[in-house]
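Residue numbers (this note's numbering): 73 to 295.
Built from N, CA and C at the ideal position, the CB exists for glycine as well.
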């Protein structure tokens, strides 16, 4: 574990800003092409069909539930960490909307299906690379990615593949329950399956090949 910060704050800030842009672009690609949402988003979509709650409210509720889960696992309340979780979601959500509009102007949904599938999977790859970068920066994280980081280093000796699969378990359970109630699946497609199969592995690979000099910062103080 990296017990101290080994990179200057301006450089960390640069990595962080770049990773938010990358994550937003990746999510916007998957949303614009509409060939399957990420698992947590897909779970929120399916639960919103079961409960009298809008998708936006469901996404907020799921984020809050994950924040509470992180607090329970860590055994302490870290105000700065929780505030960082909440702050992260603001520019991220705004940028996803901006990028989606611009991507749709490029008429990517008019491309052949095989090209759309490639772009959708590329979106998942960009998301995974972004997660790798801002987890290593370890400053502000999306609650779900923070949960993965906690499980990855607190219990799994840094294994991103297994940690990602464990973090995907709650949304999978929620989707199954929704399916049993509605007998329909929403927001599930090739992109969702690709993320389930490969996102954690891509995070682990990106740790080694994307900005390899950037190591995980301040893990000892965060866990």
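Alpha helix (DSSP H) segment containing residue 126, residue limits: For this step, residue 126 is matched to residue 54 along the chain shown. Element bounds for residue 126: n/a, residue is neither H nor E.
Contact belief for residue 240 with residue 268 at Cβ below 8 Å, rounded distance in angstroms: By 1-based counting over the chain shown, the position of residue 240 is 168. By 1-based counting over the chain shown, the position of residue 268 is 196. Yes, residue 240 and residue 268 are in contact; Cβ-Cβ is about 6 Å, under 8 Å.
When 125, 106, 254, 277 are compared against residue 200, the one with the closest alpha-carbon: Position 128 of the chain shown holds residue 200. Closest option to residue 200, Cα to Cα, is 277.
Assigned secondary structure, residue 207 (DSSP; H/G/I helix, E/B strand, else coil): If you number the chain shown from 1, residue 207 lands on position 135. Residue state, collapsed to three classes: helix.
Coil, strand or helix - residue 258 by DSSP: Counting from 1 along the chain shown, the entry for residue 258 is found at position 186. Residue 258: coil per DSSP, three-state reduction.
Best match in 238, 182, 196 for proximity to residue 261 [C-alpha to C-alpha]: Taking the chain shown and counting its residues from 1, the one referred to as residue 261 is at position 189. Residue 261 has its Cα closest to that of 196, out of 238, 182, 196.
Run of the alpha helix (DSSP H) containing residue 149, from where it starts to where it stops: Against the chain shown, residue 149 aligns to sequence position 77. From DSSP, residue 149 is part of no alpha helix (DSSP H); its letter is neither H nor E.
Cα-Cα separation, residue 85 to residue 95: Here residue 85 refers to the residue found at position 13 when the chain shown is read from its first residue. Here residue 95 refers to the residue found at position 23 when the chain shown is read from its first residue. Each residue's Cα considered, the two are about 15 Å apart.
Residue 81, buried or exposed, once every other Cβ within 10 Å from all chains shown has been counted against 16: Indexing the chain shown from 1 puts residue 81 at position 9. Exposed.
Residue 78 versus residue 118 - alpha carbon distance: Here residue 78 is taken as the residue at index 6 of the chain shown, counted from 1. Here residue 118 is taken as the residue at index 46 of the chain shown, counted from 1. Each residue's Cα considered, the two are about 42 Å apart.
Neighbourhood of residue 235 by C-beta, 6 Å cutoff - its chain only, sequence neighbours within 5 removed: Taking the chain shown and counting its residues from 1, one reaches residue 235 at position 163. Hits under 6 Å: 220, 223, 224, 228.
Residue interval of the alpha helix (DSSP H) (run including residue 284): As a working mapping, residue 284 is identified with position 212 in the chain shown. Run containing residue 284: none; DSSP gives neither H nor E here.
Of the residues 156, 189, 125, 271, the one placed nearest residue 233, counting alpha carbons only: On the chain shown, position 161 is the one that residue 233 refers to. Checked all of 156, 189, 125, 271; the closest Cα to residue 233 is 271.
Residue 74 versus residue 283 - alpha carbon distance: Taking the first residue of the chain shown as 1, we reach residue 74 at position 2. Taking the first residue of the chain shown as 1, we reach residue 283 at position 211. Since pLDDT at residue 74 reaches only 49, below the 50 mark, its modelled position is unreliable, and no value is offered.
Alpha-carbon to alpha-carbon, residue 103 and residue 91: As a first step, residue 91 must be located in the chain shown, where it is residue number 19. As a first step, residue 103 must be located in the chain shown, where it is residue number 31. If you take the alpha carbons of residue 91 and residue 103, they lie about 18 Å apart.
Alpha-carbon spacing of residue 175 relative to residue 194, whole angstroms: Residue numbering aside, residue 175 sits at position 103 when the chain shown is read from its first letter. Residue numbering aside, residue 194 sits at position 122 when the chain shown is read from its first letter. Approximately 14 Å, taken between the alpha carbons.
Given residue 173 as reference, the closest of 105, 198, 114 once Cα atoms are compared: As a first step, residue 173 must be located in the chain shown, where it is residue number 101. When each option's Cα is compared against that of residue 173, the closest is 105.
Distance, residue 290 Cα to residue 208 Cα: Mapped onto the chain shown, residue 208 falls at position 136. Mapped onto the chain shown, residue 290 falls at position 218. Cα-Cα distance, rounded: 9 Å.
Alpha-carbon to alpha-carbon, residue 244 and residue 112: In the chain shown, counting from the first residue as 1, residue 112 sits at position 40. In the chain shown, counting from the first residue as 1, residue 244 sits at position 172. Each residue's alpha carbon lies about 8 Å from the other.
First through last residue of the alpha helix (DSSP H) which encompasses residue 227: If you number the chain shown from 1, residue 227 lands on position 155. It is not in any alpha helix (DSSP H) - residue 227 carries neither H nor E in the DSSP assignment.
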